[in-house]
Ligand code: 1PR
């Protein structure tokens, strides 16, 4: 990690001078959506050199942004009133949630007007994700809905009909359109995106555009005018390169030498994910464990839970080693209520302080009534995970019940955990974890589920198989196939599928390519291949033979058999783009 500049180059004096000399201020055309607003007077804060003002309207997890800002040596002041925006020395706006509710909050509270005034005066601003989209005239997300109207153009949904998976999740390349100081270190490196909507470039907004990204079509990845910046990607989740973007915004003119020549990013990279199965051992300590076909107990007289390390330390190690994401699966969440499991929440909090790639957490996301009779909704459980630092949550057993019910009735009730969480946090924040077991059969007509002709026959020469979904950590088989489940959960709002395979788990013999091909061809959301990685070749195999967007492994990383970098170097050698 690069050393931080010791002193921020902003001083309150320089801000004051800027304001006393209006000719040095870039002027903006008035926002058409806030034409008649009251005039605010703007003054620079006098003592705020190390303070970042954060506009968090409470719609979701901005913990990662907070952590990244603090990591870079700044304190955070939360916006409480529109005046706090006007008085900010530097304002970060990490928009989360959906466009319409965000605009509603901005309009009702007067913060939208304050934001427009602030931006029109060319004050230091960084919008992130929805914080970029809201600057445009309107969005199609549940709309059209009017935006702040500072930048001409509309925000529309990605088109999945041309084979591109929506949401756009992962590490993609930028095409730099103009000098934009904060992007100086990006060069040819990937940054992390997660979104279903994007702003489109046009003649009317071209002078704003500082970079674009290709995903089916070309969309706006960042804008810059004067001191006003906004990015569609997540710098706080883009590892070192993301931190350097934030650092350049927070310490402008810091004369940190521009890094060039690194990376060869050209398109969406295949992701390599490290997974930590976490549970309490028999002494009550939270440990990273790993099963063989989901059995996590040692084959000894004591039969203790296999202990492969401490969750926070391992997650930090994998981040440094180049993991594109880290997943925590609370594997006893199906029986222990996660909100009673404070150590797991603590693990997330600590990890998110130093790990700047996406964190997913799963286990126990469902409605729950505790021994005192207090009811917790799955939404409350997910909210606590998000508040503690998760970027995505993963639902296992509860998604199986939801899919079964949906397939039985054909009705989307809107009440399942999957539907509720994806409605509130967006489907890109909801992963469904599938735990299927292979069932060999002789005749595909023997079952009502989707079957495949297997590449290696079963123990009795069977040529076909279907994949039976399970719940409660593989303990109970259910009357639904992985194919049927995947299609149903996509309709119910899942943004991604984590596809395990109990037969392959911990075996080190390779991913179940038949299964992964079946599912990744069936859905248009990203699929993470999981279970069975043993050597780097298994990763290239799954990426060349299937449409998986990411591959996840646990055992080989925990046992230090294969470093993450070796996997990535191998993939690059095989012509598969990865983030380096
Ligand atoms: O049902 O919503 O409470 O979620 C429980 C979650 O915990 C599910 O995502 C389920 O997959 C997971 N889980 C439950 N029991 C186990 C177990 O192992 N006994 N772990 C378990 C699942 C599978 C993978 C593993 C890969 C890669 N572990 O996540 O990491 O198979 O392993 P490998 O590279 O070593 O082969 P809910």
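Numbering (my numbering), first residue to last: 29 to 608. Every residue, glycine too, gets a C-beta built ideally from N, C-alpha and C.
(1) Using only alpha-carbon positions, find the residue among 138, 141, 156 that is nearest to residue 123.
(2) Taking the beta carbon of residue 572 as the centre, do at least 16 other beta carbons fall within 10 Å, making it buried, or is it exposed?
(3) Comparing alpha-carbon positions, which option in 274, 142, 171 lies nearest residue 129?
(4) By the three-class DSSP mapping on this structure, what secondary structure does residue 144 have?
(5) Taking 7 Å as the cut-off, is the CB of residue 533 close to at least one heavy atom of ligand 1?
(6) If you follow the alpha helix (DSSP H) that residue 420 is part of, which residue opens it and which one closes it?
(7) Residue ranges of each beta strand (DSSP E) run of no fewer than 3 residues wholly in the region 549 to 598, ordered along the chain?
(8) Would you call residue 575 buried or exposed, if buried means 16 or more other Cβ atoms sit within 10 Å of its Cβ?
(9) Residue 454: beta carbon under 7 Å from a heavy atom of ligand 1?
(10) Using a Cβ-Cβ cutoff of less than 8 Å, which residues in the same chain neighbour residue 447 once the five nearest sequence positions on both sides are dropped?
(11) Where does residue 460 sit, in a helix, a strand or coil, going by DSSP?
(12) Contact check, residue 199 vs residue 219 under 8 Å by CB: the rounded distance?
(13) Any chance the CB of residue 588 is under 7 Å from a heavy atom of ligand 1?
(14) Is the separation between the beta-carbon of residue 223 and that of residue 257 shorter than 8 Å?
(15) Between residue 153 and the rest of its own chain, which residues show a CB-CB distance below 6 Å, the 5 nearest in sequence each way excluded?
(16) Going by C-alpha distance, which of 305, 132, 149 is nearest residue 162?
(17) Is any heavy atom of ligand 1 found at a distance shorter than 7 Å from the C-beta of residue 497?
(18) For residue 578, which residues from the same chain have a beta carbon less than 6 Å from its beta carbon, with the 5 sequence-adjacent residues on both sides left out?
(19) Would you kindly report the start and end of the unbroken alpha helix (DSSP H) that includes residue 339?
(20) Between the Cα of residue 359 and the Cα atoms of 187, 422, 327, which residue gives the shortest distance?
(21) Between which two residues does the beta strand (DSSP E) carrying residue 179 extend?
(22) Do residue 125 and residue 158 have their C-beta atoms closer together than 8 Å?
(23) By how many angstroms is the C-alpha of residue 160 removed from the C-alpha of residue 117?
(24) For residue 54, which residues of its own chain have a beta-carbon under 7 Å away from its beta-carbon, when the five flanking residues on both sides are left out?
Taking the geometry as given:
(1) The residue you call residue 123 lines up with position 95 of the chain shown. It is 156.
(2) Position 544 of the chain shown, counted from the first residue, corresponds to residue 572. Residue 572 comes out exposed.
(3) One-based indexing of the chain shown puts residue 129 at position 101. Checking every option, the nearest Cα to that of residue 129 belongs to 171.
(4) As a first step, residue 144 is located in the chain shown; it is residue number 116 there, counting from the start. The answer is helix: DSSP assigns residue 144 an H, G or I state.
(5) Translated into positions along the chain shown, residue 533 becomes position 505. Correct: residue 533 has its Cβ closer than 7 Å to ligand 1.
(6) Counting from one through the chain shown, the residue named residue 420 turns up at place 392. Per DSSP, residue 420 belongs to no alpha helix (DSSP H); it is in the beta strand (DSSP E), 420 to 423.
(7) Qualifying beta strand (DSSP E) stretches, in chain order: 555 to 558, 578 to 581.
(8) Here the question's residue 575 lines up with position 547 in the chain shown. So residue 575 ends up on the buried side.
(9) What you label residue 454 is simply residue 426 of the chain shown in a count that begins at 1. Outside the cutoff, so no.
(10) Indexing the chain shown from 1 puts residue 447 at position 419. 430, 440, 441, 520, 521, listed in sequence order.
(11) For the purposes of this step, residue 460 is taken as residue 432 along the chain shown, with counting starting at 1. Of the three classes helix, strand and coil, the one that applies to residue 460 here is strand, per DSSP.
(12) Locating residue 199 in the chain shown gives position 171, where the first residue counts as 1. Locating residue 219 in the chain shown gives position 191, where the first residue counts as 1. Contact holds; Cβ gap of about 7 Å.
(13) Working through the chain shown from its first residue, we reach residue 588 at position 560. Residue 588: no, Cβ never under 7 Å from ligand 1.
(14) Translated into the one-based positions of the chain shown, residue 223 becomes position 195. Translated into the one-based positions of the chain shown, residue 257 becomes position 229. No, Cβ-Cβ distance for residue 223 and residue 257 is not below 8 Å.
(15) Translated into the one-based positions of the chain shown, residue 153 becomes position 125. Here the set comprises 119, 147, 256.
(16) In the chain shown, counting from the first residue as 1, residue 162 sits at position 134. Of the listed residues, the one whose Cα sits closest to residue 162 is 132.
(17) Taking the chain shown and counting its residues from 1, the one referred to as residue 497 is at position 469. Residue 497 Cβ: outside cutoff for every heavy atom of ligand 1.
(18) Working through the chain shown from its first residue, we reach residue 578 at position 550. Taken in chain order, the residues that qualify are 299, 301, 556.
(19) Locating residue 339 in the chain shown gives position 311, where the first residue counts as 1. Run containing residue 339: 339 to 349, per the alpha helix (DSSP H) assignment.
(20) Here residue 359 corresponds to residue number 331 of the chain shown, with the count starting at 1. It is 422.
(21) The count along the chain shown starts at 1 and reaches residue 179 at position 151. First-last of the beta strand (DSSP E) with residue 179: 179 to 185.
(22) Walking along the chain shown from the start, residue 125 turns up at place 97. Walking along the chain shown from the start, residue 158 turns up at place 130. A contact, by the Cβ cut-off of 8 Å.
(23) Your numbering for residue 117 matches position 89 in the chain shown. Your numbering for residue 160 matches position 132 in the chain shown. Near 19 Å, if we compare the C-alpha coordinates of residue 160 and residue 117.
(24) As a position in the chain shown, residue 54 is number 26, starting the count at 1. Residue placement at residue 54 is flagged as unreliable, the pLDDT there being 36, under the threshold of 50; a coordinate-derived value is accordingly withheld.
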